[in-house]
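Chemist:
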Amino acid sequence: MAIALALAVQLAQLALVLLLAPLLTGYVRKLKAHLVGRQGPPLLQPYRELLRLLRKDVVLAESASWLFRAAPYLIFATTWVAAALVPTFAAGLVFSYAADVIAIVALLGAARFMLALAGLDVGTSFGGIGASREMMIASLAEPAMLMVVFTLSLLAGSTQLSSIAAALQAPEVGLRVSLALALVALIMVALAENARIPVDNPATHLELTMVHEAMILEYSGRHLALIEAASYLKLVLYVSLIACVFFPWGIAGPGQGAAAYLAGTGVYIAKLGVAGFALAVFETAIAKMRVFRVSDFLGAALMLGLLAALLLFVTQAT
Amino acid sequence: MALQALLGCVALLLAAAAAGIGLAQRRAATPAIYGVALATSVAALSLALGALLAPPRLAATLALPIGLPWLGAHFRLDALSAFFLVVANLGGAAASLYGLGYGRHEEAPARVLPFFPAFLAAMNLVLVADDAFTFLFSWEFMSLASWALVMAHHRRSGNAAAGYLYLLMASFGTLALILAFGLLAGWSGAYDFAAIRNTSPSMLMGAAVLVLALAGAGSKAGVVPLHVWLPLAHPAAPSHVSALMSGVMTKVAVYGFVRIVFDLVGAPYWWWGALVALAGGITAVMGVLHALMEHDLKRLLAYHTVENIGIIFIGLGLALAFTANEMPAAAALALTAALFHVFNHSVFKSLLFFGAGAVLTATGERDMERLGGLIHRMPQTAFLFLVGSAAISALPPFNGFVSEWLTFQAILLSPALPQWLLKFLVPAIGALLALSAALAAACFVKAFGITFLGRPRSAVAREARETDRWSLAAMCTLAALCLVAGVLPAWFIDALAPVAQALTGSHLPERHGLDWLTIVPIAQSRSSYNGLLLFLLIALAAGLAAAAIHRFASSRLRRAPAWDCGFPDPSPATQYTAGSFSQPIRRVFGTVVFRAREEVHMPAPGALDSASLHVRLRDLLWDALYVPTARVVAFAADRLNAVQFLTIRAYLTLVFGALVALLMVLAVWQ
């Protein structure tokens, strides 16, 4: 019985991230439109887009292979699983021991690997440009991310997200320079990984500035829907990740009952709202940078992460 | 008993090698020799597995009256040997199976058939040798057999130079090892390992042995800066031999290092770990950066071997540091990570070289810029190469991820180390490891994407044909192993427990109860990973998405020309190439590491000649280390040349003088 209940909570989390993901994207778009004085698309527009794409035929390029058709399903599945393994409203879910935060980073890496290959599959110049730049960005963002992971797991003595969240809630952790550096680094990585301004522009179709959009240029119909859903999920994943390790308040503990879960869900949605607002303000206030400035941006993230980890390595005596 | 049977396998391989000399010209020789090699390797593999999984209480030993008269030849089969025998014979069996198909296209079978079984035999001998003479003899035999295989196609441009460089570096490595064993044996000259184990060298002596072992075994394994021969020699050999050299021989070198440093030399000092781990970190990043700049598919794979050897040495270095500080649990974790990576790399690197060999057979091309679109013509090879690429890029749920994950876990235990240098060094090495993992993924997107995806860039790529079923069978076996070792890593890690126990005095915790497939390096609350569950979840999610979409949404599909923002160009030259793919990374890292410079020549306005772009890369290490060394050697040889043209009186004087000098030294010494 207990197992069934735990499984139900885990499945609820799977469903929750999938249902909330388009809403977060729609909310950010709406806010950004408001901030520049436009009315913007309705809040539920991403859901409509997904449904419309799902109903449409797929137009497949003649030179596309089986990999091009299989990739969207794998990208969607890995991103979804990764997003569902990050604690959102409750920690210590039944599958959480299967993958720690390093494994979650690697799962996102697997999704990116497939996406970059899909970009190269049709054999167009834009697909190649996107894949090549994406891998350059990833080659700096992933180590930066892992350095942040190092910092957090050194503080918490664990790489399990649930344990990290619990450990960082304890009062003795307090405010630390390492944590601040790690937070800044993680936000920079999150911006790059989600193709947000200043690294990439999610709204652009201007050829030479595209990264993410260039890779998926050849996709249409249900394939495009899956890839869009995966990118919405990725945004939710990063927001959940930042929320659960740096703002771990209000997450329900393992087996605390329905009331705690409901409260946790409420707090979680509030956190998504705050993060979406911050993202919209930040994106409106800043300009996109040139592709080759991205390496400086992410190099700074990597250095901040390394510095944070180093400080902890040096100060920890245990 | 297993040891005798193993030596019987070695004898059988040597007999096959001898038969290969006489029979090589016959058509039936190729299947016969690869068949014998396959059967023998499988037999040796099962023997080694038996010795690893059901270890006898005492390691089996055997002394034969061959070799040096006062020493004899000693052999021993303990857990460490058994594990590396599993790796070597698994690779050997797969390469033999692959050779059954691939060997039929061989243009000079007489140059391959005798040496292939001899190479396998030599690697097995190194792994069971129990005295310095047998070890060094087998080691040198292994070097020479593989050198002969590198020189199989010696008329092809570059191969002779590669063979020459390999021979030089192999001699250097053996020299270092001879000196190391000389120091270990001490004044008494006790060359069998049992005697060496019983003496403990002084600190200075131990340090010298470590450095010599790192140079000797490291030059064979490909540790930077001694890696220069590897990316030239490994690709020059026939592809199944490349797989053996990259997948297995480098592991035999790792075995040599582990045997000397963990087993023979005695208790380590903490700074040994720092040195080895730092060498590993630099090796990993340099290897992958070189690989990214490479357009030759097999050479790219060879540079990745350098990278993975770096990852293995990071694990070994951490294990040394933990052992020196008496943290056996952490040392066991680091060592298990390194050894598991040894196994994993041997599997996926063999698989990838087999794939590159299949491409080479189908197209005659190793240059990625002239390939492309092979996924349509060679779908099975493409799929299997994709599995290998994902595994080497450390993507879950494949095996490469598990061993890198374990290495990261070991790094996270290092704040407990008391030394300040290690406190600063280890996080930096962690960053290097993370960087190399991310760059490896970029590199294999390039390797797979440019070779197999897109549109064919040449006529040979357009007309490629799927490879034969023997090759596919070998690749299928290895790809399945990549998945099994990634999804059920617990089985493999359990098998490594006796090795870790023997070398560090501890092993990873036993798993219990329901979670028997989860791997737990230290404690459940600290970290755990369950590949099977992750794999099932992904499969479930993908299946759910596919089922829902095909049930409720559109499942129609039509083919049309590529969209490409409205400007599709039918010429395959408009695709991204390997060079353009790595251009952003070259700009970010290469300008420092390789002094990369781009020169663009634009025609004058109105002129009709084509523009061109030249990229210049410099290998700074080669320029700074090898070129001056070669210059010094050439200078010395020039000076000494005069000695070759003396009169007989002068020679007699020289001989007499040398004799007197030696006697004087002896007299002073006594």
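Sequence lines, in order, name chains U and Y.
Numbering of the first sequence is given in the numbering used here, commencing with residue 1 and proceeding in unit increments.
Numbering of the second sequence is given in the numbering used here, commencing with residue 319 and proceeding in unit increments.
Cβ coordinates follow ideal geometry from the N, Cα and C atoms, glycine included.
Compute the Euclidean distance between the alpha carbons of TRP547 of chain Y and LYS32 of chain U, then round it to the nearest angstrom.
Modeler: Translated into the one-based positions of the second sequence, residue 547 of chain Y becomes position 229. Translated into the one-based positions of the first sequence, residue 32 of chain U becomes position 32. Their Cα atoms are separated by approximately 56 Å.
Chemist: Once the 5 residues before and after SER711 of chain Y are set aside, which same chain residues still bring their CB inside 6 Å of it?
Modeler: The residue labelled residue 711 of chain Y in the question sits at position 393 within the second sequence. Counting only Cβ-Cβ distances below 6 Å, and skipping sequence neighbours, we find ALA758, ALA759 and PHE762.
Chemist: Can you name the residues that DSSP bridges to VAL918 of chain Y?
Modeler: Numbered from its first residue, the second sequence carries residue 918 of chain Y at position 600. In DSSP, VAL918 of chain Y forms a bridge with Y:LEU931.
Chemist: If you draw a straight line from the alpha carbon of VAL951 of chain Y to that of GLU424 of chain Y, how long is it in whole angstroms?
Modeler: Position 633 of the second sequence, counted from the first residue, corresponds to residue 951 of chain Y. Position 106 of the second sequence, counted from the first residue, corresponds to residue 424 of chain Y. Looking at the two C-alpha atoms, the distance is approximately 38 Å.
Chemist: What are the boundary residues of the alpha helix (DSSP H) that includes THR124 of chain U?
Modeler: By 1-based counting over the first sequence, the position of residue 124 of chain U is 124. THR124 of chain U: not part of any alpha helix (DSSP H); DSSP gives it neither H nor E.
Chemist: Grab the span of the beta strand (DSSP E) containing HIS423 of chain Y for me, first residue to last.
Modeler: Taking the second sequence and counting its residues from 1, the one referred to as residue 423 of chain Y is at position 105. It is not in any beta strand (DSSP E) - HIS423 of chain Y carries neither H nor E in the DSSP assignment.
Chemist: Select from the segment 238-250 of chain U all residues with a C-beta closer than 9 Å to any C-beta belonging to chain Y, and list them in chain order.
Modeler: Cβ contacts with chain Y: none found.
Chemist: Bridge partners for TYR847 of chain Y per DSSP, in chain order?
Modeler: Here residue 847 of chain Y is taken as the residue at index 529 of the second sequence, counted from 1. According to DSSP, which records beta bridges pairwise, TYR847 of chain Y is partnered with Y:ILE837.
Chemist: Could you check whether ALA369 of chain Y and ALA320 of chain Y sit closer than 9 Å to each other, using their CB atoms as the reference points?
Modeler: Mapped onto the second sequence, residue 320 of chain Y falls at position 2. Mapped onto the second sequence, residue 369 of chain Y falls at position 51. In this structure, ALA369 of chain Y lies closer than 9 Å to ALA320 of chain Y by Cβ.
Chemist: DSSP on VAL236 of chain U, reduced to helix/strand/coil?
Modeler: By one-based count along the first sequence, residue 236 of chain U stands at place 236. VAL236 of chain U carries a helical assignment under DSSP once its states are collapsed to helix, strand and coil.
Chemist: So with CB distances below 7 Å, who are the chain Y contacts of PRO143 of chain U?
Modeler: Locating residue 143 of chain U in the first sequence gives position 143, where the first residue counts as 1. Chain Y residues near PRO143 of chain U: ALA749, ALA752, LEU753 and ALA756.
Chemist: For ASP396 of chain Y, collect the residues of the same chain with a Cβ closer than 6 Å to its Cβ; drop the 5 residues on either side in sequence, then sort them by chain order.
Modeler: Numbered from 1 along the second sequence, position 78 holds the residue referred to as residue 396 of chain Y. Counting only Cβ-Cβ distances below 6 Å, and skipping sequence neighbours, we find ALA377.
Chemist: Just tell me which of Y:VAL354, Y:PRO373 and Y:LEU363 has its CA closest to the CA of ASP812 of chain Y.
Modeler: For the purposes of this step, residue 812 of chain Y is taken as residue 494 along the second sequence, with counting starting at 1. Nearest of Y:VAL354, Y:PRO373 and Y:LEU363 to ASP812 of chain Y, Cα basis: Y:PRO373.
Chemist: With a threshold of 9 Å between beta carbons, is LYS30 of chain U in contact with chain Y?
Modeler: Taking the first residue of the first sequence as 1, we reach residue 30 of chain U at position 30. Nearest CB-CB separation between LYS30 of chain U and chain Y: not below the 9 Å threshold.
Chemist: So, does the segment 519-535 of chain Y touch the segment 917-925 of chain Y, judging by three or more C-beta pairs under 8 Å?
Modeler: no
Chemist: On a CA-only basis, which of U:LEU43, U:LEU224 and U:TRP249 is nearest PRO171 of chain U? Give me that one, please.
Modeler: To locate residue 171 of chain U, count along the first sequence from 1; it is residue 171. Check the Cα spacing between PRO171 of chain U and each of U:LEU43, U:LEU224 and U:TRP249: the tightest is with U:TRP249.
Chemist: Among U:LEU115, U:GLN169 and U:ALA252, which has the Cα closest to the Cα of ARG133 of chain U?
Modeler: Taking the first residue of the first sequence as 1, we reach residue 133 of chain U at position 133. It is U:LEU115 whose Cα lies nearest to the Cα of ARG133 of chain U.
Chemist: Please list the terminal residues of the continuous beta strand (DSSP E) segment that includes ARG345 of chain Y.
Modeler: Working through the second sequence from its first residue, we reach residue 345 of chain Y at position 27. Careful: ARG345 of chain Y lies outside any beta strand (DSSP E) and carries neither H nor E.
Chemist: From the DSSP output, in three-state form, read off THR318 of chain U for me.
Modeler: Translated into the one-based positions of the first sequence, residue 318 of chain U becomes position 318. A caution first: THR318 of chain U carries a pLDDT of 46, below 50, which makes its placement in the model unreliable, though a value can still be read off. The answer is coil: DSSP assigns THR318 of chain U none of H, G, I, E or B.
Chemist: With distance defined between alpha-carbon atoms, name the residue in Y:GLY540, Y:ALA463 and Y:ALA426 nearest to ASN442 of chain Y.
Modeler: If you number the second sequence from 1, residue 442 of chain Y lands on position 124. Of the candidates Y:GLY540, Y:ALA463 and Y:ALA426, the one whose C-alpha sits nearest the C-alpha of ASN442 of chain Y is Y:ALA463.
Chemist: Once DSSP output is grouped into helix, strand and coil, what is the label at VAL199 of chain U?
Modeler: Position 199 of the first sequence, counted from the first residue, corresponds to residue 199 of chain U. Coil at VAL199 of chain U, not helix or strand.
Chemist: In this structure, what does DSSP give as the bridge partners for ALA381 of chain Y?
Modeler: On the second sequence, position 63 is the one that residue 381 of chain Y refers to. DSSP output for ALA381 of chain Y lists Y:HIS392 as bridge partner(s).
Chemist: Compile a chain-ordered list of the residues in the segment 855-868 of chain Y whose CB is closer than 7 Å to at least one CB of chain U.
Modeler: LEU855, ILE856, ALA859, ALA860, ALA863, ALA864 and ILE867
Chemist: Here's the rule I'm using: 16 or more other beta-carbon atoms within 10 Å means buried, otherwise exposed. How should SER163 of chain U be labelled?
Modeler: On the first sequence, residue 163 of chain U is found 163 positions in, with the first residue counted as 1. Buried is the call here.
Chemist: At a CB-CB cut-off below 8 Å, which residues of chain U make contact with ALA878 of chain Y?
Modeler: For the purposes of this step, residue 878 of chain Y is taken as the residue at position 560 of the second sequence. Residues of chain U passing the Cβ test: VAL59, LEU60, ALA61 and GLU62.
Chemist: Can you confirm whether GLY253 of chain U, when its beta carbon is compared against all beta carbons of chain Y, has any partner nearer than 9 Å?
Modeler: As a first step, residue 253 of chain U must be located in the first sequence, where it is residue number 253. Judged by the 9 Å Cβ criterion, GLY253 of chain U is not in contact with chain Y.
Chemist: Using 10 angstroms around the beta-carbon of VAL177 of chain U, count the other beta-carbons present and answer buried if the total reaches 16, otherwise exposed.
Modeler: Here residue 177 of chain U refers to the residue found at position 177 when the first sequence is read from its first residue. Looking at its Cβ environment, which holds fewer than 16 other Cβ atoms inside 10 Å, VAL177 of chain U is exposed.
Chemist: Any beta carbon of chain Y sitting closer than 9 Å to that of GLN45 of chain U?
Modeler: To locate residue 45 of chain U, count along the first sequence from 1; it is residue 45. So, not an interface residue.
Chemist: For VAL100 of chain U, collect the residues of the same chain with a Cβ closer than 6 Å to its Cβ; drop the 5 residues on either side in sequence, then sort them by chain order.
Modeler: Here residue 100 of chain U corresponds to residue number 100 of the first sequence, with the count starting at 1. The question names Val, but residue 100 of chain U is Asp in the sequence shown. Result list for ASP100 of chain U: THR159 and GLN160, in chain order.
Chemist: Would you verify that the beta carbon of GLY109 of chain U is, or is not, closer than 9 Å to some beta carbon of chain Y?
Modeler: Start at 1 with the first residue of the first sequence, and residue 109 of chain U comes out as number 109. Yes, because at least one Cβ of chain Y sits closer than 9 Å to the Cβ of GLY109 of chain U.
Chemist: Kindly confirm or deny that the segment 569-580 of chain Y and the segment 630-645 of chain Y touch, where touching means at least three C-beta pairs closer than 8 Å.
Modeler: yes
Chemist: Which residues in chain Y sit within 8 Å of GLN73 of chain U, going by Cβ to Cβ distance?
Modeler: Here residue 73 of chain U refers to the residue found at position 73 of the first sequence. Going by the sequence as given, residue 73 of chain U is Tyr instead of Gln. What TYR73 of chain U touches in chain Y: ALA860, ALA863 and ALA864.
Chemist: Give me, in chain order, the residues of the same chain whose beta-carbon lies closer than 6 Å to that of ALA954 of chain Y; leave out the 5 immediate sequence neighbours on both sides.
Modeler: For the purposes of this step, residue 954 of chain Y is taken as the residue at position 636 of the second sequence. Closer than 6 Å at Cβ, skipping near neighbours: no residue.
Chemist: I want to see whether chain Y comes within less than 9 Å of VAL81 of chain U, judged by CB atoms only; does it?
Modeler: Counting from 1 along the first sequence, the entry for residue 81 of chain U is found at position 81. By this cut-off, VAL81 of chain U is an interface position.
Chemist: I'd like the span of the beta strand (DSSP E) that includes ARG55 of chain U, first residue to last.
Modeler: Numbered from its first residue, the first sequence carries residue 55 of chain U at position 55. Taken as a continuous stretch (DSSP letters only), ARG55 of chain U belongs to no beta strand (DSSP E), being part of the alpha helix (DSSP H) at 45-55.
Chemist: Just the Cα atoms here: how many angstroms apart are PHE671 of chain Y and ALA620 of chain Y?
Modeler: Mapped onto the second sequence, residue 671 of chain Y falls at position 353. Mapped onto the second sequence, residue 620 of chain Y falls at position 302. Each residue's alpha carbon lies about 9 Å from the other.
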